[in-house]
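Chemist: Below you'll find the structure I mean.
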Amino acid sequence: MDMVNRAVKMLDVLARLTRIEHALVLMVAVLAGETIALGRIPAPTEAIVISLLVPAFIEIGSFALNDILDVKSDRANAKKDRPLVNNELSIGAAWAITIVAYAAGLGLAYLMGVLPFSIALIFAALSVAYNYWLKDLPLAGNAAIGASMAIPFVFGNLVINGEASQPVLIIAAIALMAGTAREIIKSVEDISGDVEMRGSSTLPVVIGINGSLLVGKILVLAAIALSFLPFPYLNMNPLALALVAAADLMLVYVIVEMKEDALEMPMKLTLIAFAVATIGYLLAVIL
């Protein structure tokens with residue numbers, strides 16, 4: 000029983016280190032891009048399974064690296080749920096996870112051919128640049144995270160037919176704006192530790208907290224405005240429309256509740272809305 004409890008605890012630690020929920024959302028995004036390209040859910044061939052694992056592994060490596068480099072600022076920001084902050088996991092173990100995850104993601108992408116490997120390499124390089132440098136710059140780091148949420152849709156589309164279709168480009172643009180907004184919220188939440196421990200010049204440092212939240216709200220509004228534009232290219236079935244509408248309502252609530260002293264909920268709800276909308280677009284193809 001003790002062994003089972005230890006295993007469960009370690010899985011929880013790894014899930015928190017790597018933000019595994021993000022990996023699952025990215026896998027669904029790739030599947031959505033592939034489904035839109037095919038007009039149906041692809042058969043679970045080896046190539047399709049590999050294509051889903053590539054962004055997941057890179058995401059795992061990216062978040063593990065993020066926690067390694069941000070351990071001091073996370074302590075300053077009192078993020079006690081982070082495994083490196085509360086010493087549930089060693090820095091060495093986190094480095095091992097980072098290296099193995101990046102290697103697995105890029106290795107699997109290499110098996111898929113030049114184009115998928117090139118996209119994965121760019122995705123991985125962008126995540127490393129973000130963790131070391133871009134996250135300390137105004138808007139650039141926020142946009143890098145937004146791009147990492149948009150790339151999987153395009154990646155899935157390109158895996159199937161070698162080009163990005165119009166609806167996928169629109170969905171990727173929505174993901175870019177929503178993801179950038181979410182990261183702006185995070186930069187506001189982390190401003191104290193980022194400035195103290197990293198010397199960051201993030202957007203809230205440059206234009207202030209209120210100005211940054213305004214930019215975030217504008218980006219969320221833009222994502223909402225684009226949310227139904229993919230449907231003329233897909234199937235306008237009621238369930239898909241309802242899911243995207245539900246995601247939009249979540250984002251409206253995010254805008255209303257996006258305040259300096261209450262940012263955790265808007266961050267979580269933005270990711271949930273992203274996942275719900277992605278499932279909606281997926282169902283707009285298969286139903």
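First residue of the sequence shown? That's 0 in numbering that gives the first Met the number 0, and the numbers climb one at a time after it. Just so it is clear, CB atoms sit at the ideal spot from N, CA and C, and this is done for glycine as well. As the structure is a computational prediction, the values presented were derived from the model and not from experiment.
Can you tell me whether K216 is buried or exposed, with buried defined as 16 or more other CB within 10 angstroms of its CB?
Modeler: Under this definition K216 is a buried residue.
Chemist: If you measure between the beta carbons of I208 and E259, is that distance less than 8 Å?
Modeler: Yes; because the gap between Cβ atoms is below 8 Å, this pair is in contact.
Chemist: Do L242 and V275 count as a contact pair if the criterion is CB distance below 8 Å?
Modeler: Contact flag set, yes.
Chemist: Rounded to the nearest angstrom, what separates L83 and G198 at their Cα positions?
Modeler: Straight-line Cα distance between these residues: approximately 21 Å.
Chemist: Suppose only complete runs of 3+ residues qualify. What are the beta strand (DSSP E) ranges in the stretch 87-113, listed by chain order?
Modeler: As far as the stretch 87-113 is concerned, it has no whole beta strand (DSSP E) run of at least 3 residues.
Chemist: Could you name the residues that DSSP lists as bridge partners for K258?
Modeler: K258 is bridged to A261.
Chemist: Give the DSSP-derived three-state secondary structure of N236 in the structure shown.
Modeler: Coil at N236, not helix or strand.
Chemist: Out of curiosity, what's the CA-to-CA distance linking M176 and D11?
Modeler: Approximately 30 Å, taken between the alpha carbons.
Chemist: Quick one: Cα of I47 to Cα of Y280, how far?
Modeler: Taking the straight line joining both Cα atoms gives about 19 Å.
Chemist: Starting from the Cα of V194, find the closest Cα among A95, M111 and D135 and give me that residue.
Modeler: That would be D135, whose Cα lies nearest to the Cα of V194.
Chemist: When you compare the CB positions of N375 and S61, do they come within less than 8 Å of one another, or not?
Modeler: There is no way to answer for residue 375, as the model of the chain reaches only from 0 to 286.
Chemist: Give me, in chain order, the residues of the same chain whose beta-carbon lies closer than 8 Å to that of S226; leave out the 5 immediate sequence neighbours on both sides.
Modeler: Cβ neighbours of S226 beyond the five flanking positions: I173, V243, A246, D247 and A276.
Chemist: Tell me whether the beta-carbon of D80 lies closer than 8 Å to the beta-carbon of R15.
Modeler: Yes, they are a contact pair.
Chemist: So for S164, helix, strand or coil by DSSP?
Modeler: S164 falls in the coil class under three-state DSSP.
Chemist: Compute the Euclidean distance between the alpha carbons of F116 and F122, then round it to the nearest angstrom.
Modeler: Using only the alpha carbons, I get a separation of about 10 Å.
Chemist: By the 10 Å Cβ neighbour count, where 16 or more other Cβ atoms means buried, how is G32 classified, buried or exposed?
Modeler: G32 comes out buried.
Chemist: So which of L168, A128, F154 and F152 has the shortest CA-CA distance to A143?
Modeler: Nearest of L168, A128, F154 and F152 to A143, Cα basis: A128.
Chemist: Take G155 and list the residues in its own chain whose beta-carbon comes closer than 6 Å to its own, dropping the five residues that flank it on each side.
Modeler: Answer for G155: V29, G32 and E33, listed in chain order.
Chemist: Given N85, which residues of its chain have a CB within under 8 Å of its CB, disregarding the five upstream and five downstream residues?
Modeler: Excluding positions up to five away in sequence, the list reads K79.
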